[in-house]
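Peer 1:
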Amino acid sequence: MQIAYFWERDDAEAVAERLGGELSRGRFHGEDDDEDHPWVVALPEGAELAVVDEFDGWLEPAADEPAPAPPPLPTAPKRLKKG
Numbered sequence: 031m032q033i034a035y036f037w038e039r040d041d042a043e044a045v046a047e048r049l050g051g052e053l054s055r056g057r058f059h060g061e062d063d064d065e066d067h068p069w070v071v072a073l074p075e076g077a078e079l080a081v082v083d084e085f086d087g088w089l090e091p092a093a094d095e096p097a098p099a100p101p102p103l104p105t106a107p108k109r110l111k112k113g
């Protein structure tokens, strides 16, 4: 499941209707003003995510993505001067 955020309710409703998502109001940590909370749409797996960009939304980064593998370590020290 992907989570998409929108500042405007109309945009969030349009995306939820178009992609079959669930609309709710999100909260940022430390925000106490209800007008500053974004609208959240929980999108089903396989939803067309390009629609989110079309309505000026953004996706929550997936927390379960594995970290990229580190680059291989050198086997010997680098030589800056030849000779």
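Numbering (my numbering), first residue to last: 31 to 113.
No residue lacks a Cβ here, since even glycine has one placed at the ideal position from N, Cα and C.
Thinking just about the alpha-carbon of each residue, which of PRO102, THR105, GLY87 is nearest to the one in ASP41?
Peer 2: When each option's Cα is compared against that of ASP41, the closest is GLY87.
Peer 1: Spatial neighbours of PHE85 within its chain, please: C-beta separation below 7 Å, excluding the five flanking residues on both sides.
Peer 2: Excluding positions up to five away in sequence, the list reads PHE36, ASP41, ALA44, VAL45.
Peer 1: Measuring straight from C-alpha to C-alpha, what distance separates LYS111 and PRO102?
Peer 2: Using only the alpha carbons, I get a separation of about 23 Å.
Peer 1: Can you look up GLU47 in the DSSP assignment and give me helix, strand or coil?
Peer 2: It is helical.
Peer 1: Using a Cβ-based criterion (distance less than 7 Å to any ligand heavy atom), does ARG39 qualify as near the ligand FMN?
Peer 2: Looking at this structure, you won't find the ligand FMN or any other ligand, since it has none at all.
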